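Here the structure is laid out as structure tokens; the discussion comes afterwards.
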Amino acid sequence: MAMNKNVYLDNSATTPVAPEVLEAMIPFFQSRYGNASSLHSEGRDARRAVEESRALIAEHLKVHPSEIVFTSGATEADNLALLGTALRSTGGHLITSRIEHDAVRHSADWLASRGYDVTLLEVDEFGRVSADDVREAIRPDTMLVSVMAGNNEVGTIQPIRAIGEICRERSVPFHTDAVQAYGKIELPMDVIDMLSVSAHKLHGPKGVGFLYVRKGTKLTPLLHGGGHEHGRRSGTENVPGIVGLGVATQIAFEERDRVTQRMEGFREYLIQEVLKLPATRLNGHPTESLPHIANFSFEAIEGESLIMKLDEHHIATSTGSACSSPNLEPSHVLVALGVPLSMAHGSLRVSTGRQTMQDDIDALLKALPIVVQELRDMSPFKVGG
Amino acid sequence: MAMNKNVYLDNSATTPVAPEVLEAMIPFFQSRYGNASSLHSEGRDARRAVEESRALIAEHLKVHPSEIVFTSGATEADNLALLGTALRSTGGHLITSRIEHDAVRHSADWLASRGYDVTLLEVDEFGRVSADDVREAIRPDTMLVSVMAGNNEVGTIQPIRAIGEICRERSVPFHTDAVQAYGKIELPMDVIDMLSVSAHKLHGPKGVGFLYVRKGTKLTPLLHGGGHEHGRRSGTENVPGIVGLGVATQIAFEERDRVTQRMEGFREYLIQEVLKLPATRLNGHPTESLPHIANFSFEAIEGESLIMKLDEHHIATSTGSACSSPNLEPSHVLVALGVPLSMAHGSLRVSTGRQTMQDDIDALLKALPIVVQELRDMSPFKVGG
Amino acid sequence: MYTEKVIDHFREPHNRGKMENYSAVGKVGNIVCGDVMWLYIKVDKNDAGQDIITDISWETFGCTAAIATSSMVSDIGKGKTIEEAIAVTNQDVASELGGLPPIKMHCSALAADALNEAIYAYLIQEKRSIPEALQKRHDHIAKEMAQLEERYAAFTEKGNSKPRGCE
Amino acid sequence: MYTEKVIDHFREPHNRGKMENYSAVGKVGNIVCGDVMWLYIKVDKNDAGQDIITDISWETFGCTAAIATSSMVSDIGKGKTIEEAIAVTNQDVASELGGLPPIKMHCSALAADALNEAIYAYLIQEKRSIPEALQKRHDHIAKEMAQLEERYAAFTEKGNSKPRGCE
Ligand SMILES: Cc1ncc(COP(=O)(O)O)c(C=O)c1O
Ligand SMILES: Cc1ncc(COP(=O)(O)O)c(C=O)c1O
Ligand code: FES
Ligand code: FES
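Protein chains in written order, with the numbering used here: chain A, 1 to 385; chain B, 386 to 770; chain C, 771 to 937; chain D, 938 to 1104.
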């Protein structure tokens, strides 16, 4: 069932673990299996590995190691940021945007169902939040502003510095989901109070991530227990995972310029070529975008079928189509951008990784017109060229 | 820093990953790295692997696969059981015991700090909860009873069937933390509504576990997001971890009789030999115990030093000494059993695993009198033989 | 997720495309997901004088399951009498495909509906009496279809084959 | 966790055991963790007529850090005048060990206290005047020690060397 001959262009969903990362992890399953809380040498060895990884990440982000709280991934990190802030009291106001990942969105929904006030910021046609809107939305009882750094579906980058500065001015903690942005773009850590990261989007393993928590930021924990992570997140440390996250971070930051430049090249080329196809559009911002994500819509095409047809050609991509979603709703991101339902239905996200080659892009561009035509031929709707 | 020549007798803290488990996991880092929510073949392959693991576990527990909710470990599973039950309303009553793992204990503490009522059941000198006490503690507003199956420090097994039957009678959901008991003793699943398990205690990887949730049990999720695990626990599935947990479960159940019999032999031998040393006692129940845990106290010995001295002899064990705890409190379990502070101070937990050999036990029994004497010689307190 | 049989039918669907000289067409859509299916039938009398569906084809704009169930319902319906075909349920379609994910059961409903709508259109056209159940089902479907037409107006204006609810 | 230096001192502690012919002994304990340290000093005059701590040894019932700091404070104190030795702080002990985990700083306090208590006992015995800070510190320590004695009564009854607070 090996998949590595395939063209994998769904790196926003998850990435293959880098060989260097896996190699660094393996010993911690086998010989170096200690519990980082144990006193004996196996335990101390595990502790050292965890703290080295923490220090490495802190160094790259230019923050203090004690500000890194390891979690089981970004879903947990996002929940910790939102719920951990909100549950300190029994009510209050939170501000977030319409284009957040479900981990932020549904945390906010849950809090709203528990009597908290939630303001959802609108976005423009490119998916950008306006910093002025943030300023206007802040109230005396605002507990948190959470706006993602870069969107996972359309790639649009948010004006994080401007938003962070407003929050700083008004003394409101500012959280950003940087899952897709981490290791890809510069992050203004000086105005960020909390930041979520997930390893598996970064050629690290699934099931591990972290929340950066600026010193002094008040949180009630979500997972109670042995008091790990300075009491902010209990649970036996996932030592191999944490080691893997450290190495993945190191690689991402060291290779960043080179890799993102290549990604930008792919993105520009993709946009240029895909938009040559009939009845096609780009979703998201043409330039203010993460380098690895490009999102298109095809008229009179249903996205799930498109993905499955590309899969027949051994090409892995994704869609925001209603048919592909567990609740039959089209992508809330595309809807927030004002993409008409019919076009949201035919969306295609192409996302590149460190391992992506020009061949992969070429394979997609070769298959795409074929499968689009095939699906249009199958459809009762006929689209003019 | 390889540790595998060492004598590792701290398997209640964590276990080495079984070679078969690691082997099964590796492909899911490398070639089979898909996100189980993705539509394409990489995604479907990952989904199949996750569901196969779920089915395997369900089969061994004789429950329905949809009743298994994968989590980041047992800390999260315990929190999900307690907080997920309690946070459905804004108040109510929970019953748990004085000898629970911190994951249950501190979840209950947190709920108490939020205005919930918590009853802590006392235990006898062996660490056993009385089922009658459970019956008496149940009130009309009781939302949950949580009593662990087998204790992680002293090994004592609880009368889970009797407790479960009372809960069933009174229509109160019953949760049990089975982290140490899973794969070791028979679990009366017919009277259990929720059950927590962690892979790394079972020669599986760290950072993955599950909560069994009987169909119809009402929970509000702790981690909100993409709606994974039927909406009960969001977050990208840790596919290699889940696969590892499945294989670890399979091994544990298949080998159970053989392995636990060997463990029982070790435990009996250990008890016999250690109690020959002067001023020594057994903590926990002499017979109603998990097979892999034996807990002793040594008069006028401080446990952390004992562990560190044994570590010099390349023997890994653990202690419930105050000095070894992050808050300088002696083990709440030993205190609940009525072990005097001075004796709790000198406790030693020996816990065996599937890989434990007679040689390991012999090495401990050889080193123990030496290091005990060495520490007593260093001490101002002189203990009579 | 999808069974191998679903994927097979999606990859190599049977009877796809518009039919020349069809007897009737059924047009259905699901307002929630937005998928649309047109199903063409050819009806002929058999030796016993019964109305037999001798051929079926379809045009579908929709998900993998919509395409696979289009393919499957066209296989199932072919050769059946009108009465037999009316009795085909979405359960039949789904189980012939080895089952569908719960969220995708509505796709099989779409396929069964499309067959029903084609039969409805045929009966109307032939001025036959309409069983009450069929009429009810049609009324419901027609309403949904009208809403979808609005949504896809852009596609259909450019094209030459306007979806217009059931003919 | 612990530095290599802490582990080294724990594994091969310096000056451990009871001293023959000691000048004075300081007995301290921490009521929270339950650890106990006895520290023996030998005091002699040097050529300039100053009181010099010429030898130190200890008996400790406690954690790794308690033993390592016992060892370290005995190294630090040896050769110092009484005045110099009084000035030794737990920070000094901890930093000579390359630092201690925050939760373990109190273990180094125990070591510094033990040295102080031994000096206190010596000054009392020699009928010297007691600096006020030393007296205050002693009063506090003595109270804690009394409580600990109760806890460890079982151990000390069986033994022959009863801890009795500061002599
Ligand atoms: C009884 C018990 N419950 C819960 C846990 C916590 O599980 P985890 O290590 O997966 O966080 C442990 C072990 O740490 C345990 O022994
Ligand atoms: C922007 C964003 N936030 C959060 C998450 C959730 O992270 P995880 O997969 O670690 O649960 C993802 C990916 O799924 C994401 O893309
Ligand atoms: S823990 Fe108390 S002296 Fe070390
Ligand atoms: S998702 Fe609607 S027809 Fe398949």
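All C-beta atoms in this analysis are idealised placements derived from N, C-alpha and C, irrespective of residue type, glycine included. Note that the coordinates shown come from a computational prediction; the quantities given were computed from them, not determined experimentally.
Check                                                                                                                                                                                     : Outcome
Helix, strand or coil for Tyr393/B? Go by DSSP, reduced to three states.                                                                                                                  : strand
May I ask whether a heavy atom of ligand 3 can be found less than 7 Å away from the beta carbon of Gly999/D?                                                                              : yes
Work out the CA separation of Ile1004/D and Gln261/A for me, nearest whole Å.                                                                                                             : 57 Å
Taking 7 Å as the cut-off, is the CB of Gly458/B close to at least one heavy atom of ligand 1?                                                                                            : yes
State yes or no: is the C-beta of Ala864/C within less than 8 Å of the C-beta of Met875/C?                                                                                                : yes
For Met760/C, go through chain B and note every residue whose CB falls closer than 7 Å to its CB, in chain order.                                                                         : Absent from the structure is residue 760/C, since the part of chain C shown begins at 771 and ends at 937.
State the beta-bridge partners of Val965/D as determined by DSSP.                                                                                                                         : Met974/D
Write down every uninterrupted run of the beta strand (DSSP E) in the stretch 524-560 of chain B whose length is 3 residues or greater and which is fully enclosed by it, in chain order. : 527-531
Tyr393/B CB to nearest chain F CB: under 8 Å?                                                                                                                                             : Checking the listed chains, one finds no chain F in this structure; the protein chains it contains are A, B, C and D.
Looking only at DSSP bridge pairs, what is Leu479/B linked to?                                                                                                                            : Val503/B and Leu529/B
Do Leu337/A and Leu306/A have their C-beta atoms closer together than 8 Å?                                                                                                                : no
Does Tyr810/C get closer than 8 Å to chain A when you measure Cβ to Cβ?                                                                                                                   : no
How should Asp360/A be labelled, buried or exposed, when 16 other C-beta atoms within 10 angstroms of its C-beta is the threshold for buried?                                             : buried
Would you say Thr456/B and Phe595/B are within 8 Å of each other, going by their C-beta atoms?                                                                                            : yes
For Ile678/B, tell me which candidate among Asp696/B, Ile700/B, Leu660/B and Glu649/B has the shortest Cα-Cα distance.                                                                    : Glu649/B
Within 7 Å: the Cβ of Cys970/D and any heavy atom of ligand 3?                                                                                                                            : yes
Any idea what DSSP makes of Asn1053/D, helix, strand or coil?                                                                                                                             : helix
Short check: CB of Ala835/C to CB of Val798/C, under 8 Å?                                                                                                                                 : no
Return helix, strand or coil for Phe70/A, following the three-state DSSP convention.                                                                                                      : strand
Roughly how many whole angstroms lie between the Cα atoms of Leu713/B and Ala707/B?                                                                                                       : 4 Å
So the alpha helix (DSSP H) Ile989/D belongs to, where does it begin and stop?                                                                                                            : Careful: Ile989/D lies outside any alpha helix (DSSP H), inside the beta strand (DSSP E) at Asp988 to Phe998.
Using only the alpha-carbon positions, how far apart do Glu255/A and Thr249/A sit?                                                                                                        : 10 Å
Could you check if Met148/A belongs to the surroundings of ligand 2, using beta carbon to heavy atom distance under 7 Å?                                                                  : yes
Does the distance between the C-beta of Asn792/B and the nearest non-hydrogen atom of ligand 1 fall short of 7 Å?                                                                         : Residue 792/B falls outside the range modelled here, since chain B spans only 386 to 770, and no answer is possible.
In chain D, what lies closer than 7 Å to Glu538/B by C-beta?                                                                                                                              : Within 7 Å Cβ-Cβ: nothing; Glu538/B doesn't reach chain D, min ~18 Å.
Applying the criterion that 16 or more other CB atoms from any shown protein chain within 10 Å of the CB defines a buried residue, is Gly986/D buried or exposed?                         : exposed
Which two residues bound the contiguous beta strand (DSSP E) that contains Leu348/A?                                                                                                      : Ser347 to Ser351
Go ahead and pull the three-state DSSP assignment for Phe638/B.                                                                                                                           : helix
Is it buried or exposed for Val802/C, if we count other Cβ within 10 angstroms and need 16 for buried?                                                                                    : exposed
Please tell me whether Arg618/B and Leu608/B are closer than 8 Å, where the distance is taken between their beta carbons.                                                                 : yes
Would you grab the beta carbon distance between Glu538/B and Ser716/B for me? Rounded to a whole angstrom, and I think it's under 8 Å.                                                    : 6 Å
Cβ-heavy atom distance between Gln565/B and ligand 1 below 7 Å?                                                                                                                           : yes
Any idea if Glu67/A is buried or exposed, counting beta-carbon neighbours within 10 angstroms, 16 or more meaning buried?                                                                 : buried
Helix or strand or just coil, what does DSSP make of Lys955/D?                                                                                                                            : coil
Roughly how many angstroms separate the alpha carbons of Val17/A and Val239/A, rounded to a whole number?                                                                                 : 16 Å
Apply the 10 Å Cβ neighbour rule to Ser171/A and answer buried if 16 or more other Cβ atoms are within range, or exposed otherwise.                                                       : exposed
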